[in-house]
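**Student:**
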Amino acid sequence: MKEEHENALKEMYMEKIEGYECEAGTDGEIMKELHELGYVDDKGNLTEIGIERARKIIRLHRLAERLLHDVLSASEGEVESSACKFEHFISEEVEQAICTLLGHPDVCPHGREIPPGECCIKGQEEVKSIVLRLSDLSPGEEAEIRYLSGDDEIIKKIIALGILPGKRIKVIRVFPAHLIQIDNTQIAIDEKMADCVHVMRI
Ligand SMILES: [Zn+2]
Ligand SMILES: [Zn+2]
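Structure representation (structure tokens):
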């Protein structure tokens, strides 16, 4: 499949199914080809196989974003341009390895849904995740906060406590609450909050 086709499917899915605004409309020639390939119906809507294909491409794009952002600490510009190249050549095996490594993330750094893959559905945990939830850490473990995701209200509370991406933490205890140390301060947070904080072990 040509890159132009993949990009067009991705944009159509984001616009028509997810409701995001996309800048450029799809080129007439590309639309004709997508129709011939069975990805688009007579009315210009995605067919079932078109949707399936688009979800795969979007999944790769957003997984690549997570990888570049969380593990490689790439800048925002780099994340965007590299993710756009990544999505066209990651094989299914590599895709599942990356997903498992990241702990089967459900959103990209922009907060957009990552369509789940086979590995997420099976919940394979054979490969130890690099990025995990704060609630998965044991007392004595140290980690760096990579990103926050979850309920907006909970995220606000977490940020207000100074628990921010880039900060290093040490887990003091996990019961009855998660007691963590950041800089010289100890902060207690509940399980729900600890679930929203994604960290990387140091
Ligand atoms: Zn994104
Ligand atoms: Zn997965």
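Heads up: the sequence shown begins at 1101 in my numbering, then just goes up one per residue.
Note that the Cβ used here is the ideal one computed from N, Cα and C, for glycine as well.
#1: So, at 6 Å on beta carbons, what are the nonlocal neighbours of Ala1294 in its own chain, with the 5 sequence-adjacent residues on each side left out?
#2: Does ligand 1 have a heavy atom nearer than 6 Å to the CB of Arg1268?
#3: State yes or no: is the C-beta of Arg1162 nearer than 6 Å to some heavy atom of ligand 1?
#4: Give me, in chain order, the residues of the same chain whose beta-carbon lies closer than 6 Å to that of Asp1141; leave out the 5 immediate sequence neighbours on both sides.
#5: Taking the alpha carbon of Tyr1247 as the reference point, which residue from Ala1154, Gly1211, Ile1157 has its own alpha carbon closest?
#6: Put Arg1155 into one of helix, strand or coil per three-state DSSP.
#7: Closer than 6 Å: is that where the CB of His1298 sits relative to any heavy atom of ligand 2?
#8: Under a Cβ-count criterion, where at least 16 other Cβ atoms within 10 Å of its own Cβ denotes burial, should Glu1195 be classed as buried or exposed?
#9: Within the same chain, show all residues whose beta-carbon is closer than 6 Å to that of Ala1306, passing over the 5 residues directly before and after it, in chain order.
#10: With Met1293 as the anchor, note down where its alpha helix (DSSP H) starts and where it stops.
**Tutor:** On the basis of the data shown:
#1: Leu1234, Ser1235, His1278
#2: no
#3: yes
#4: Thr1147
#5: Gly1211
#6: helix
#7: no
#8: buried
#9: Lying outside 1101 to 1302, the shown extent of the chain, residue 1306 is not represented and no answer is given.
#10: 1291-1296
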